[in-house]
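Worksheet: the structure to be examined is printed underneath.
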DNA sequence: AGAGATCTTTGCGCCAACGCAAATAGGAGA
DNA sequence: TCTCCTATTTGCGTTGGCGCAAAGATCTCT
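The following block contains the structure:
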């Protein structure tokens, strides 16, 4: 695991508007945890004992169906918290947190984080704000899944990825971690095959590009059209 | 609007473990809002200005698609908060809150609730716990919508309804508010027709009963089977 | 009791997306 | 460079569930 650019913690949403001393207090009691590509911070159904803040790398939160199907609940970018919802009352993590690139996270245990919230109520407000955002996003995806068809769901998923983890290059916007068709299928609630079909079509139309495990968004404007209005032509 | 049984606020999850004085403080600054069946506490896209706690009645939170489709995000039972996620950071309500029976709620405005959280950090912990639960439920439903088919989703929806708002009678478990096929469709991400087909089948098999706008669950055990294992026979 | 409105059931055709299967392509390691 | 392994593409048959449509049911209001 080489030098990975580290996230400046003062920019984490959780710490917005919190005074430096309080942050320092929290950092002092945090544990660092570094894992390699493909390993996990925690498994679904592990007892939920800690709260994580991603410093570098990229993580996906996945739920597994009892008959094997996988669903990507969320992608985690540096600066974001994960695996904490359950710390506040749940007993198990609701999903597994798997690293899609080598990753480092700060980890606080249950008790510590509860004490910190009690000691710094502003932290609690921030946390509530973040949770609210998560909830809204989940509900939006619920609506999409219930009412929209695959092509549009995929367009939305790509736009979210671009916003959260897009790197603008000369060619277009590239997603900062390996993106397979399979994972896009797990994100949109579709099959590998359907996603592949749609993406090869988009590739031909020049909307997207990139090869194996690589996703390049060339025409964000047109992808936005697909995500919102009725598709013009196939 | 006749006499409706009022919920004892000390039993609200939000207030668990909070001392009586703090609760009294909060109640002192709360507004009561009563609305009739069919009207709304707030509309989707209204500026999110207040936080609600349902005292009596039943409310549904619905999101509307731009082409008319409706999705039920959540059913609210007495004692539960709603329309607050957005108060913590959002600008608009993410869904409309429509009364399914005459309903009464306590309402706090944005500033008040923020002050209360800052003054009583234990309240913040409770709130975080509740939000975490909501988030987990939303993520579970995401997984269901992505991987399960309508019949099973319906079974799960009915079980959730039974748990949250079921009234056990001599005949079976009855849902405490009017339940149309349409609203079940909006809850499961299916169409009215598909739901109707499934339910008439279940009615014939003796799993469910009840007529227009009325839902009676007769065989919870068998419904649970449908919700989990593979369906044995159609 | 009758009229109208709303909710529910049911039939039928259709299509988006799945599931299976087999071919192709790109990377990693020896 | 060759081999193995994993990712991707593409064809083809199948189907769950949608969409349209029309016929009952049940409730409400006059």
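Residue numbers (the numbering used here), protein chains in the order written: chain A, -9 to 224; chain B, -9 to 224.
Note that the Cβ used here is the ideal one computed from N, Cα and C, for glycine as well.
So what does residue i bridge to, in DSSP terms?
i, result
"residue 37 of chain B", "B:82"
"residue 130 of chain A", "Answer is none; residue 130 of chain A lacks a bridge partner."
"residue 50 of chain A", "A:65 and A:88"
"residue 44 of chain B", "B:95"
"residue 23 of chain B", "B:95"
"residue 121 of chain A", "In the DSSP output, where bridge partners are listed per residue, residue 121 of chain A has none listed."
"residue 56 of chain B", "Answer by DSSP bridge pairing: none, since residue 56 of chain B is not bridged."
"residue 32 of chain B", "B:87"
"residue 207 of chain A", "A:163 and A:198"
"residue 158 of chain B", "B:163"
"residue 5 of chain B", "According to DSSP, residue 5 of chain B bridges with nothing at all."
What residues of chain B sit near residue i, judged by a beta carbon separation below 8 Å?
i, result
"residue 76 of chain A", "122 and 126"
"residue 115 of chain A", "78, 104, 107, 108 and 114"
Report the neighbours of residue i on chain B: residues whose CB is nearer than 7 Å to its CB, in chain order.
i, result
"residue 84 of chain A", "126 and 129"
"residue 79 of chain A", "119, 122 and 123"
Can you list the residues of chain A that residue i reaches, using a CB-CB cut of under 8 Å?
i, result
"residue 44 of chain B", "Chain A residues near residue 44 of chain B: none, gap ~17 Å exceeds 8 Å."
To the nearest whole angstrom, what separates the beta carbons of residue i and residue j, a pair I think is in contact under 8 Å?
i, j, result
"residue 60 of chain A", "residue 176 of chain A", "5 Å"
"residue 73 of chain A", "residue 31 of chain A", "7 Å"
"residue 208 of chain A", "residue 199 of chain A", "5 Å"
"residue 151 of chain A", "residue 165 of chain A", "5 Å"
"residue 43 of chain A", "residue 142 of chain A", "Contact doesn't hold; Cβ gap of about 33 Å is too wide."
"residue 85 of chain B", "residue 118 of chain A", "Not really, about 18 Å apart at Cβ, beyond 8 Å."
"residue 155 of chain B", "residue 65 of chain B", "7 Å"
"residue 69 of chain A", "residue 2 of chain A", "5 Å"
"residue 94 of chain B", "residue 132 of chain A", "Not quite, the Cβ-Cβ distance comes to about 28 Å (not below 8 Å), so this is no contact."
"residue 38 of chain B", "residue 80 of chain B", "5 Å"
"residue 206 of chain A", "residue 161 of chain A", "6 Å"
"residue 110 of chain A", "residue 8 of chain A", "7 Å"
Can you pull the chain A residues whose beta carbon is under 9 Å from the beta carbon of residue i, in chain order?
i, result
"residue 7 of chain B", "In chain order: nothing, as chain A lies at least about 12 Å away."
Within the present structure, is the beta-carbon of residue i separated from the nearest heavy atom of the ligand ZN by less than 7 Å?
i, result
"residue 189 of chain A", "The ligand ZN is absent from the structure shown, which contains no ligands of any kind."
Next on the checklist: For a minimum of 3 consecutive residues, which ranges assigned as the beta strand (DSSP E) are wholly contained in the segment 161 to 205 of chain B?
Outcome noted: 163 to 165
Item to check | Residues, ordered as in the chain, of the segment 132 to 160 of chain A that lie near chain B by beta-carbon distance below 7 Å | outcome: 132, 133, 135, 136 and 137
Next on the checklist: At a CB distance below 7 Å, what residues from the segment 37 to 69 of chain B approach chain A? Give them in sequence order.
Outcome noted: From the segment 37 to 69 of chain B, only 53, 55, 59, 61 and 63 have a Cβ closer than 7 Å to chain A.
Checklist entry - Relative to chain A, which residues along the segment 95 to 110 of chain B have a C-beta separation below 7 Å, given in chain order? => result Within the segment 95 to 110 of chain B, the residues whose Cβ lies closer than 7 Å to some Cβ of chain A are 104, 107 and 108, listed in chain order.
Checklist entry - If contact means a Cβ-Cβ distance below 7 Å, which residues of the segment 175 to 195 of chain B contact chain A? => result 179
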